[in-house]
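Right, one structure below, let's go through it.
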Amino acid sequence: MRLRTQFDSFIIRGMGLESELRAIPLFAELGEDALRDLAIRVQRRAYSEGEIILRAGDAPREMHIVLDGAVRVEIEGAGRTAMGAILAAGHSFGEMSVLSGNPVSATVVAHTDSTTLVIKAEDLAAVLEREPALYRRISALLIERLRHRTQMLASRLKPALAVLAMDPALPVEAPVVRAIFRGVGHYAPGSQLFDARQADAPALRARIERWRNEGTAGQLLIVAIEAHRFADLRSALLAGDAALRITGRAGGQSEDHLDAGAADARSVLLDVAAAVPRAGAWRESLSSRELAECARGAGWNRAAYPCLDRIARFTTNREVGVAMSVGAAAGFAHLGFLQVLEDCGVPIDFLCGSSMGGVVALGFGQLREASKATDALCTLGAAFAKSRGLQVVPRAALVSTQRMRQIAKELFGEICFAELGLPVAVVAADLVAGERVILDRGPVAEAARATIAIPGIFPPVRVGNRILVDGGLVTRVPVDLLARRRCGLRIASIVLPQWPVSQQLAEEAERLQLRLDQPFGLRAALGASWRMLGWWDSAAQAGKADLFIRIPTPVGEGYDFAAGRRMVELGRRAALGQIHAIRDAARRLLAPGSP
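Going by our numbering, the sequence shown opens with residue -16, and the numbers climb by one from there.
Put into structure tokens, the structure is as follows:
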């Protein structure tokens, strides 16, 4: 094969190459001196489609960063060559052999015409000696790659399917199909589109089987088929596959929602003017204006096609999911954390929470902006602090049912989950059946009252044959709900108290004793006990997340609902302390190709 090689030094290109290096996540934290040194050492090479860049067994001489185009990793095994991953711009390869000194483990081929930046082994060693930050970046990269491969092994390395179950009036050439395929191709280069409208059931199964055997785990086969034929391939869908029901009408749940078996399903409504069925599941709503904008645009623009981008990331397992912990009034801190995510440009695709974390999730889901949710929730919190609505003769709780209904209605009105701006789920506990209950459809106000119904303080909520109380009884921070979705990045936000150090214990004991000795001092006893129960094992549950932010809050302010904005600021500070980790995780998730 003809290899076109081009060497451009930093001296020839001036500051251009240094700027390109700064834009690569691996080198984003390097100092200016290190960047200049690296720019002098790095080389630029161009490869034609199909040309071998590294060959398995080669000596560990250099590492590459893809500058443009895409490369594929080919792994030999079981008598055949299989594609292990497609790497697009910003991804690196060869660094493991350079760092370990072992031969190259896989052949890397230019999947399209591509350009790479090359760093020789001795030059990388020289930069690493001066810049420990690069060690941290490479370590994070290798950990992320190991996590990705572990997930592929868990799914038995089977290449995935994405089924587009369409109304008969929508042809496979429809703009929505082209746009979804384009978005999937951006995140998973090498994915293919199969028009199954004319294929009979045996031909369809044969095509899927061939894809399972010959495709790569980083790509998807998008199967476009009429909705009424979805049953022909339902049994062929595996865990990790996706199914999209694409319809031009807002019909009943039975019409718009797919029973996709092991696969994950979502409905996409096209330019639906009629009201979305309020009792159904949450659905995407895609406008013709966005489709037209996508057809005109070049490349992939997340900001210009937000709904299409969510659909593409759902299909390619690149959603961002956030789970928020219990915390009573201290749970306002989650709002500050969400503000930082917004400021960083991190998309929020799914929110879940227990207790106050659940209320924050619902508030953000309704208003779609952290600042608006902060204003609404903190205003209600301050009003509640002034007039709690305590019952003269407490029954099931200190606060009356009427007061809690009033607060929930002020914030959420009569909306249902299907009308929220993004999918949300909250956790409650059923005192009748002794079960955990996941609330993700029906009236939002009712779910908000249930998830925060702290026993003894806020009244239980009767829903049919269930009597629901605070979700913190069963799950402090529901990270496991993120694992059930197509979240490529699972983030946990945990509110934890700053327990007093030894010299503060006497002061804190006196303060608590004074509160206990006052009329209705049982509130302090219940509150302190519930706080301890809710926070004790939150960190252990959050260990299932890819990234978790610990938000320290004052011990004695867990029920000070007038302190909402102060708690929000604590959440902001905690998230800003982890800003580099947040940005790195989001950058890796949103980059095209496999990690």
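We put the CB at the ideal spot given by N, CA and C, even for glycine. Remember, it's a predicted structure, so these values are computed and weren't measured experimentally.
Ala207 sits close to Val160, with the two beta carbons spaced by under 8 Å.
With a 10 Å radius around the Cβ and a threshold of 16 neighbouring Cβ atoms, Ser338 comes out buried. Ala72 and Gln26 have their C-alpha atoms some 16 Å from each other. In the DSSP assignment, Gly304 falls outside any alpha helix (DSSP H) and within the unbroken beta strand (DSSP E) covering Glu302 to Met307. For Pro480, the three-state secondary structure derived from DSSP is strand.
Residues Asp106 of the same chain have their beta carbon placed closer than 6 Å to that of Arg24, with the five preceding and five following residues left out of the count.
Contact annotation: Phe333 and Arg468 have beta-carbon atoms nearer than 8 Å. In this structure, DSSP gives Gln524 a helical state, which the three-state scheme calls helix. With distances taken between CA atoms, Ala109 lies nearest to Val81 out of Leu100, Glu393, Thr95 and Val81. Minimum Cα-Cα distance from Gln385 among the listed residues Val444, Val409, Glu402 and Leu414 corresponds to Val444. Per the DSSP secondary-structure output, Met387 pairs with nothing in a beta bridge. Comparing C-alpha distances from Arg272 to each of Leu253, Gly282, Trp265 and Arg266 shows the shortest one belongs to Leu253. Secondary structure at Tyr30: strand, using DSSP grouped into helix, strand and coil. With a contact defined as Cβ atoms closer than 8 Å, Ser97 and Leu9 miss out at about 17 Å. One thing to note: Gln349 has its Cβ no nearer than 8 Å to the Cβ of Ile421.
Annotation: the continuous beta strand (DSSP E) that includes Asp178 extends over Gln175 to Asp178.
Note: His47 is bridge-paired with Phe76 and Val101 in the DSSP secondary-structure output. When DSSP reads this structure, Thr536 sits in a beta bridge with Pro480. In the displayed model, Asp292 falls within a helix according to three-state DSSP. Nearest to Phe347 by C-alpha distance, out of Glu325, Ser174 and Thr95, is Glu325.
Here Ala295 is buried. Its C-beta has 16 or more other C-beta atoms within 10 Å.
Within the same chain, and ignoring the five residues on either side of Ala368 in sequence, the residues whose Cβ sits closer than 8 Å to its Cβ are Asp543, Phe544 and Ala545. Each residue's CA atom was taken as its position, placing Leu274 and Asn448 some 45 Å apart. Note that the C-beta distance between Leu318 and Cys290 is not below 8 Å. A straight line joining the alpha-carbon of Thr199 with that of Pro142 spans about 5 Å. DSSP, reduced to helix, strand and coil, places Pro443 outside both helices and strands of the structure shown, so it counts as coil. In the structure shown, the three-state DSSP call for Ser370 is coil. Nearest to Pro535 by C-alpha distance, out of Arg549, Ala528 and Asp529, is Arg549.
The stretch 110 to 117 makes no contact with the stretch 41 to 51, as fewer than three CB pairs between them are under 8 Å. Straight-line spacing of the CA atoms in Glu490 and Pro537 works out to 14 Å.
Taken atom to atom, the span from the alpha-carbon of Glu78 to that of Ala39 is near 14 Å.
Taking C-beta atoms as the reference points, Ala401 and Arg266 count as a pair closer than 8 Å. With a cut-off of 8 Å on Cβ pairs, the stretch 411 to 426 is in contact with the stretch 446 to 461, counting three or more such pairs. With respect to His169, Trp283 sits close: the two C-beta atoms are nearer than 8 Å. Cβ contact annotation for Glu276 (same chain, cutoff 7 Å, sequence separation greater than five): Ala287 and Tyr288, in chain order.
Assignment of Ala143 by DSSP, reduced to helix, strand and coil, places it in the strand class.
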